[in-house]
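These notes concern the structure reproduced below.
Protein chains in written order, with the working numbering: chain A, 582 to 965; chain B, 209 to 378.
Rendered as C-alpha cells:
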C-alpha cells in the first residue's frame with residue numbers, strides 16, 4: 582500500500598494543476614485533503630505493519646486481507662452477515678463454454694470448495710482457478726481459461742448502467758414531451774446543468790466551438806459512467822459496495838476508449854507535431870519524436886492510473902479507519918475512527934465528482950490537442 | 209511485469225475488461241442515440257430561441273425608440289403648425305377687423321356726405337320754393353295793387369309814360 586503514496590500525492594498535484602473550478606471552497610477543500618491524506622496514509626501503513634505482527638499471534642484479524650477483500654472483485658455479492666447474492670460464473674476453456682452459479686464454489690460456511698465442472702475449479706484469493714488433484718493451481722490449464730463471469734463488479738456496473746439509462750432517458754424524454762419552450766422540470770432540471778457544465782466548461786473550452794459537438798456523446802457518457810460508479814462505490818451496502826471505478830479494468834477500458842477516440846480523430850497537424858516537430862532543427866526533431874510518441878501512450882495511461890488510484894486510495898482510507906476499531910479491539914476507538922471516516926467520506930464525495938470531472942476534462946483536452954488547427958501558417962501570413 | 213505480479217489490484221481482469229467494454233459501448237450507443245442527441249439539440253434550440261427572442265426584443269426596443277422620436281417630431285411639427293395657424297388666424301382676424309373698421313368709416317363718410325348733399329339739396333329746394341312763392345306773392349300783390357291803381361285811365365297813361373321814360377333804347 583505504500584506504493585500508493587507517491588501516486589496519490591503526484592496525482593493530487595496534477596489535480597491541482599488542472600483544477601480550474603471557480604469555487605474557492607472546492608480548492609481549499611482539496612488543499613486540505615492534500616495536506617491531510619498523506620500523513621493518514623502513512624499512519625495506515627504503520628497500522629498495517631502492526632496488525633501483521635499481531636496477526637501472527639492471533640489468526641483472527643488481518644487488516645490487509647480485509648481491506649483487499651473489500652477493494653477486490655468477487656464472485657458473489659455480499660449483502661449482510663452470512664447472506665450474499667450468488668452470481669453466474671461464465672467460463673471458456675478448451676472444452677467450450679460453461680455456466681454455473683457461484684454458490685457451487687463455496688460451502689455453507691462460505692469457505693471455498695472444489696467444484697467439479699469441465700475441470701476442478703476452486704476460488705483462490707477470490708479468483709477462480711483450475712486446480713489439480715492435489716488442490717494446487719494448474720498453471721498450464723489456467724492459461725487457457727477465460728473467466729467472463731458476472732462478478733460483483735460486473736453486476737454493479739450493470740446496475741449503474743441501468744440507473745444511468747433510466748435517469749437520463751427519462752430526462753431526455755421530458756424534452757420530447759414538453760419541447761424546448763418550457764423551463765426544465767424535475768429530473769430534467771437536475772440533468773440539464775450537468776450536461777451544460779460538461780458542454781460549456783469541458784468540451785467547448787478544450788475542443789473548440791467548431792468541433793466539440795461530435796465528441797459530446799462520448800464525453801457525456803464517460804462523465805456520467807464514472808460519476809455514477811464513483812457514487813455507487815461510496816455506498817457501503819447493496820446496490821453499491823462494489824469498487825467498479827477503482828478497478829484497473831474499468832479505468833483501463835475507459836483509457837483505451839479515450840486513446841482510440843483521440844488518435845482516430847487526430848488530424849495531420851497533430852501527427853506532424855509528434856513525429857516531425859515543425860520549427861525545430863532536424864536533430865531536435867529526431868530527439869523529440871520518441872518523447873512525443875511516448876506521450877501519446879502516457880496520456881491515457883495517466884488517465885487510467887489517476888482514476889484507479891484516487892478511488893481505490895479513498896476506499897482503502899475509509900476501510901483502514903474502520904479497521905482501527907478492530908485493531909485496537911475496543912469500541913472506544915470508534916470515537917476517533919468514525920469521525921475520520923466520515924470526514925474522508927466527505928472528501929470522497931468531492932473526489933467522486935472531481936475525478937469524473939478531471940477524467941472528462943483531460944479527455945476533452947487530449948481530443949482538443951489532437952484536433953488543433955495549424956496556427957503557424959496564419960502567424961507567418963500575418964508577418965509577411 | 210514485476211509490479212503487476214506483486215499487486216493483484218493493478219492486474220486487470222480479462223472478464224471485467226470484456227463486460228466493461230460491452231457496458232460502455234451499449235451506454236454510448238443507446239445514450240448517444242436516444243438521450244444526448246435530442247437533449248443537446250433541444251438545449252441548443254432553446255438557446256437559439258432565447259437569443260432570437262432577445263434580439264427581437266432589442267429590435268423592438270429600437271423600433272419603439274424610433275417611433276417615439278417620430279412621434280415627438282410629429283408633435284413638435286404639429287405644435288409649430290398650430291402656432292402658425294393661430295398666428296395666421298390672428299392676423300386674418302385683425303385684418304378683418306381693420307377692414308371692417310375702414311369699411312364702416314367709409315360707409316359713415318359716404319352716409320354723411322349723402323346726408324349733407326341731401327340736406328343741401330332739400331335746403332336749396334326749400335329756398336327755391338320759398339323764393340317762388342315769394343315771387344308769385346309779390347306778383348299777385350303787385351297785380352292787385354296795380355289793378356287798383358290803374359282803375360282810372362289817366363293814372364294808367366301817366367304810369368305807362370313814366371315806365372316808358374325809364375326804358376332807354378340804345
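Each residue gets a CB set at the ideal place from its N, CA and C atoms; glycine is no exception.
With which residues is residue i paired in a DSSP beta bridge?
i: residue 728 (chain A); result: A:672
i: residue 718 (chain A); result: A:712
From the options, pick the residue whose C-alpha is nearest to that of residue i; which is it?
i: residue 679 (chain A); options: A:813, A:953, A:846 and A:729; result: A:729
i: residue 883 (chain A); options: A:832, A:855, A:924 and A:949; result: A:832
i: residue 811 (chain A); options: A:666, A:949, A:934 and A:663; result: A:934
i: residue 756 (chain A); options: B:266, B:308 and B:252; result: B:252
i: residue 659 (chain A); options: A:864, A:938 and A:691; result: A:691
i: residue 246 (chain B); options: A:874, A:723, A:913 and A:797; result: A:797
i: residue 645 (chain A); options: A:901, A:767 and A:887; result: A:901
i: residue 656 (chain A); options: A:683, A:886 and A:774; result: A:683
i: residue 735 (chain A); options: B:370, B:287 and B:229; result: B:229
i: residue 775 (chain A); options: A:667, A:886 and A:937; result: A:937
i: residue 698 (chain A); options: A:885, A:795 and A:677; result: A:677
i: residue 733 (chain A); options: A:888, A:821 and A:715; result: A:821
i: residue 888 (chain A); options: A:843, A:913 and A:827; result: A:827
i: residue 218 (chain B); options: A:647, A:790, A:890 and A:915; result: A:890
i: residue 715 (chain A); options: A:727, A:695, A:724 and A:725; result: A:695
i: residue 221 (chain B); options: A:920, A:880, A:892 and A:829; result: A:829
i: residue 547 (chain A); options: A:952, A:844, A:923 and A:787; result: Nothing can be reported for residue 547 (chain A): it is not among the residues displayed for chain A, which extend from 582 to 965.
i: residue 930 (chain A); options: A:863, A:919, A:903 and A:892; result: A:892
i: residue 953 (chain A); options: A:864, A:905 and A:787; result: A:787
i: residue 238 (chain B); options: A:851, A:854, A:747 and A:688; result: A:747
i: residue 731 (chain A); options: A:749, A:823 and A:926; result: A:823
i: residue 763 (chain A); options: B:244, B:321 and B:257; result: B:257
i: residue 801 (chain A); options: B:233, B:363 and B:325; result: B:233
i: residue 979 (chain A); options: A:849, A:941, A:807 and A:689; result: Since the first residue of chain A shown is 582 and the last is 965, residue 979 (chain A) is not available in this structure.
i: residue 944 (chain A); options: A:915, A:809, A:803 and A:848; result: A:803
i: residue 216 (chain B); options: A:707, A:848 and A:905; result: A:707
i: residue 248 (chain B); options: A:869, A:753 and A:850; result: A:753
Next item on the list: For the stretch 663–674 of chain A and the stretch 699–717 of chain A, state whether three or more C-beta atom pairs, one from each stretch, are separated by less than 8 Å.
Entry: yes
Item checked: Start-end ranges of the alpha helix (DSSP H) lying completely within the stretch 738–814 of chain A, minimum 4 residues -> 768–778 and 785–788
Check: Considering only residues of the stretch 625–711 of chain A, which uninterrupted beta strand (DSSP E) runs meet the minimum length of 3 residues and lie entirely inside it, listed in chain order?
Finding: 657–661, 664–667, 669–674, 677–682, 701–705 and 708–711
Notebook entry, point to check: For the 8 Å Cβ check, are there 3 or more pairs between the stretch 887–902 of chain A and the stretch 641–651 of chain A?
Noted result: yes
Check: When Cβ atoms are compared, which residues of the stretch 712–743 of chain A fall closer than 9 Å to chain B?
Finding: 727, 728, 729, 730, 731, 732, 734, 735, 738, 739, 741 and 742
Checklist line | Interface positions of the stretch 251–268 of chain B facing chain A (Cβ-Cβ less than 8 Å), listed along the chain | finding: 251, 253, 254 and 257
Margin query: Tell me whether the stretch 834–851 of chain A and the stretch 214–233 of chain B touch, counting them as touching only if at least three CB pairs, one residue from each stretch, are closer than 8 Å.
Written below: yes
Notebook entry, point to check: Pairing CB atoms from the stretch 771–781 of chain A with CB atoms from the stretch 908–916 of chain A, are three or more of them under 8 Å?
Noted result: no
Next item on the list: Mind the definition here: the stretch 803–818 of chain A touches the stretch 250–268 of chain B only if three or more C-beta pairs lie below 8 Å; say whether that holds.
Entry: no
Notebook entry, point to check: Quick check: the stretch 703–719 of chain A against the stretch 763–776 of chain A, are there 3 or more CB pairs under 8 Å?
Noted result: no
Checklist line | alpha helix (DSSP H) runs contained entirely in the stretch 811–898 of chain A, provided each spans 4 or more residues | finding: 829–846 and 849–856
Note to self: Does the stretch 839–855 of chain A come into contact with the stretch 940–950 of chain A, if we say contact requires no fewer than three beta-carbon pairs (one atom in each stretch) closer than 8 Å?
What the structure shows: yes
Next item on the list: Tell me, please, whether the stretch 851–860 of chain A touches the stretch 873–892 of chain A by the rule of three or more beta-carbon pairs shorter than 8 Å.
Entry: yes
Notebook entry, point to check: Any residues in the stretch 836–854 of chain A with a beta carbon nearer than 9 Å to a beta carbon of chain B? Which ones, in chain order?
Noted result: 837 and 838
Checklist line | Short-range partners of chain B found in the stretch 789–823 of chain A, where Cβ spacing is below 7 Å | finding: 797, 798, 799, 801, 802 and 806
Checklist line | chain A contacts made by the stretch 219–236 of chain B, where a contact means CB separation under 8 Å | finding: 219, 220, 221, 222, 223, 224, 225, 226, 227, 228, 229, 231, 232, 234, 235 and 236
Note to self: Just to confirm the assignment: which complete alpha helix (DSSP H) runs, minimum length 4, are found wholly within the stretch 285–336 of chain B?
What the structure shows: none
Margin query: Can you pull out the residues from the stretch 912–945 of chain A whose beta carbon lies closer than 9 Å to at least one beta carbon of chain B?
Written below: none
Next item on the list: With 8 Å as the limit, tell me which residues of the stretch 853–885 of chain A have their beta carbon closer than that to any beta carbon of chain B; keep them in chain order.
Entry: none
Checklist line | Against chain A: residues of the stretch 266–286 of chain B by CB proximity under 9 Å | finding: none
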